[in-house]
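For the record, in the sequence shown the residue sitting at position 58 is 456 according to the working numbering, with numbers rising by one throughout.
Written below as structure tokens is the structure these notes are about.
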Amino acid sequence: MRKLLLLAVFLFVTSLSFGQCPSSPIILTSQADIDNFTSNYPGCTMLQRSLWVGNSGSDITNLNGLNGITDVGIGSGGSGGGLFIESLLLTTLNGLNNLRTIGGTLGIENTNITNMQGLENLESIRGSINMNNNDLILNLIGLESIVYMRGIEFNELPALVNLEGIETLESVDGKVQLVNTPSFVSFNGLNNVHT
399 MRKLLLLAVF
409 LFVTSLSFGQ
419 CPSSPIILTS
429 QADIDNFTSN
439 YPGCTMLQRS
449 LWVGNSGSDI
459 TNLNGLNGIT
469 DVGIGSGGSG
479 GGLFIESLLL
489 TTLNGLNNLR
499 TIGGTLGIEN
509 TNITNMQGLE
519 NLESIRGSIN
529 MNNNDLILNL
539 IGLESIVYMR
549 GIEFNELPAL
559 VNLEGIETLE
569 SVDGKVQLVN
579 TPSFVSFNGL
589 NNVHT
């Protein structure tokens, strides 16, 4: 009887965490989608699958409506999907301030962010961080809590100077690849990586 009660409590707590989160990927293509996230998915803080934000013609200017999300892609043993962001109008990642874990890749493409501020509580990216065609990003300030990521793959980041901001990173299991980063001068930020 005690085991049955514990199982019931566990299932109840788990259902509260997932709230009204769908078991399929979530695709948000407009600012209205972002703004209405909490009303469309009440109580949804832990996404089992991927979260896709924006596209090449997106009108998304802020991510404030996503501030309740703590985990993305945690289904299937913690590797259920990634977080993918694309919007030329986006200048900051604020709104993702409560995000702790990404079960897959963090992909950021065609934005106007200058750093990673807004991800201060992100501790783990179980996939790689992939950034492409982000002309204004200078460094990785904002990732001060990151301890683990599978890899770093950057392409077409003409303003990137260094990897400052990931000094707490301890482990990178895959590759570190920087392509077409003409302003890059220093790997400072990887000083504490030991694997």
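Each residue gets a CB set at the ideal place from its N, CA and C atoms; glycine is no exception.
**Message:** Using a 10 Å radius around the Cβ and a threshold of 16 neighbouring Cβ atoms, would you call valine 583 buried or exposed?
**Reply:** exposed
**Request:** Return helix, strand or coil for phenylalanine 408, following the three-state DSSP convention.
**Result:** Any reading at phenylalanine 408 is ruled out, since the residue's pLDDT is 40, under 50, leaving its predicted position unreliable.
**Asked** With which residues is glutamine 575 paired in a DSSP beta bridge?
**Response** Glu551
**Item:** Rounded C-alpha distance that separates glutamine 418 from asparagine 453
**Value:** 24 Å
**Message:** Just to confirm my understanding: we take leucine 414, look at its own chain, exclude 5 residues before and 5 after, and list those with CB closer than 6 Å. What are they?
**Reply:** In this predicted model, leucine 414 has a pLDDT of only 42, less than 50, meaning its place in the structure is not dependable enough to derive any value.
**Anticipated Cβ contact below 8 Å, leucine 487 with isoleucine 458, distance rounded** = 6 Å
**Asked** Rounded C-beta distance between asparagine 560 and asparagine 586? I'm assuming under 8 Å.
**Response** 5 Å
**Asked** Where do the N-terminal and C-terminal ends of the alpha helix (DSSP H) with phenylalanine 435 fall, by residue?
**Response** 435-438
**Message:** For glutamate 521, which residues in the same chain have their Cβ closer than 8 Å to its Cβ, ignoring the five residues on either side in sequence?
**Reply:** Arg498, Thr499, Ser543, Ile544, Val545, Tyr546
**Prompt:** Could you give the distance in angstroms between the alpha-carbon of glycine 516 and the alpha-carbon of leucine 491?
**Reply:** 5 Å
**Prompt:** Around the C-beta of serine 526, are 16 or more other C-beta atoms found within 10 angstroms, so that it is buried, or is it exposed?
**Reply:** buried
**Asked** Out of curiosity, what's the CA-to-CA distance linking valine 451 and proline 440?
**Response** 18 Å
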